[in-house]
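Numbering (our numbering), first residue to last: -9 to 361.
All C-beta atoms in this analysis are idealised placements derived from N, C-alpha and C, irrespective of residue type, glycine included.
Below is one structure, written out as structure tokens; comments come after it.
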């Protein structure tokens, strides 16, 4: 399988970002695997959010340079190592996000010479992903609990397993069963509104063919059995998170174990230890998908009593002028002004920006309302 993450190097064989010694040392402090490598996650514009229908058309906007192929995976259980055979298994995945949502979107495309999915249990071709949204690191499954005396206690499953980082065993395909097994005490995270999936394929068990799986999941900093106590990871542009995946490839319905465990971390224990994941960065929108100049702004009421409002410019492009109209008859040419309103009211505020490549404006009607 091939996973798509936003990479900085273009070409026929996309590669992850290779960090320099200084950056590698800094990232190494996060405790992640492959500290000299950083992958990227493509940001979809708000008007191009993928529809979860198993159709790859929505993902055509993602450059090929964001792809991660089987050449980046290593088989670490059976002993195959780097000797992958695309005729036996080949994969392609794209990973994306949308600013303002706490979802990670995946497009998983795989070709296999033998699709194994007749069993009702975990004997199934699987795409396994593990996500650590806040880089807290460390073990995430009961069997790896730091306190060995707690590893065999059932209550440890509910208090610890999958709470700080989450593991999804995604069945490829899932025929007659849920699309995934959440390995932890929070199975609710695989359902809407936190996750959704759609899969398309045209083969039977034991046959060869191509599969397309599209899904999104929600990373959690804290995901206990009770969803009302959960804390979602707040995805923000340029932030890092821990992510890895493994492809469990079965080639015999009578086999007791898969024929390959191909994983991005190059460490088998990535399935249960978030410190063995890989660094992924939430990228900005590609410049080619934006207008040369875009106006945008936010505000915060600093003092409701004094009606002091701090405005912050969030425009895009090469800009050299800003003109604020506060809606009360006053203006400012500062980029980030603080304005005191003399009277209460509902205000129509406009920011106009300009630069050598054009101009734009953004108006918010009555967002700024003061007593």
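Please name the residue in the options whose C-alpha comes closest to that of residue i.
i	options	result
residue 170	78, 85 and 189	189
residue 241	234, 250 and 29	250
residue 232	175, 128 and 203	128
residue 68	257, 320 and 322	257
residue 234	306, 271, 214 and 217	271
residue 347	341, 120 and 285	285
residue 321	307, 337 and 308	337
residue 100	83, 90, 331 and 349	83
residue 349	314, 307 and 355	307
residue 413	159, 200, 176 and 195	The structure shown does not extend to residue 413, since the chain is modelled only from -9 to 361, so the question has no answer here.
residue 177	341, 282, 216 and 146	216
residue 90	147, 106 and 36	36
residue 263	351, 299 and 133	133
residue 122	223, 62 and 142	223
residue 77	62, 280 and 103	103
residue 125	63, 65, 23 and 185	23
residue 28	57, 112, 42 and 53	57
residue 357	73, 301 and 146	301
residue 279	42, 26, 53 and 41	53
residue 131	139, 137, 138 and 147	147
In or out: residue i buried (at least 16 other Cβ within 10 Å) or exposed?
i	result
residue 343	buried
residue 255	buried
residue 180	buried
residue 311	exposed
residue 11	Residue placement at residue 11 is poorly supported in this model, since its pLDDT is 38, which falls under 50; the coordinates are not used for a value here.
residue 355	exposed
residue 384	Residue 384 falls outside the range modelled here, since the chain spans only -9 to 361, and no answer is possible.
residue 33	buried
residue 135	buried
residue 142	exposed
residue 16	Residue confidence for residue 16 is low, a pLDDT of 46 falling below 50, so the modelled location carries little weight and cannot support an answer.
residue 64	buried
residue 323	exposed
residue 253	buried
residue 213	buried
residue 139	exposed
residue 218	exposed
With a Cβ-Cβ cutoff of 7 angstroms, do residue i and residue j count as a contact?
i	j	result
residue 211	residue 202	no
residue 273	residue 267	no
residue 44	residue 204	yes
residue 316	residue 326	no
residue 206	residue 199	no
residue 31	residue 85	yes
residue 277	residue 92	no
residue 117	residue 195	no
residue 341	residue 297	no
residue 39	residue 88	yes
residue 345	residue 309	yes
residue 269	residue 230	yes
residue 162	residue 239	no
residue 151	residue 174	yes
Stretch-stretch touch, CB-based, cutoff 8 angstroms, three pairs: the stretch 141 to 156 with the stretch 290 to 301
Contact between the stretch 141 to 156 and the stretch 290 to 301 is absent, because fewer than three Cβ pairs lie under 8 angstroms.
As an exercise, report each continuous beta strand (DSSP E) stretch of at least 3 residues that is fully enclosed by the stretch 281 to 337, in chain order. Segments of the beta strand (DSSP E) lying fully in the stretch 281 to 337: 287 to 293, 298 to 303, 311 to 315 and 328 to 330.
- prompt: Which whole runs of the alpha helix (DSSP H) in the stretch 71 to 154 are 4 residues long or more, in chain order?
  reply: Qualifying alpha helix (DSSP H) stretches, in chain order: 144 to 150.
Exercise. Run through the stretch 199 to 232 for me and flag every whole alpha helix (DSSP H) of 4 or more residues, listed as ranges in chain order.
Key: Correct list: empty.
For the structure I just gave you, are there three or more beta carbon pairs, one from the stretch 34 to 52 and one from the stretch 90 to 100, closer than 8 angstroms?
Short answer: they touch.
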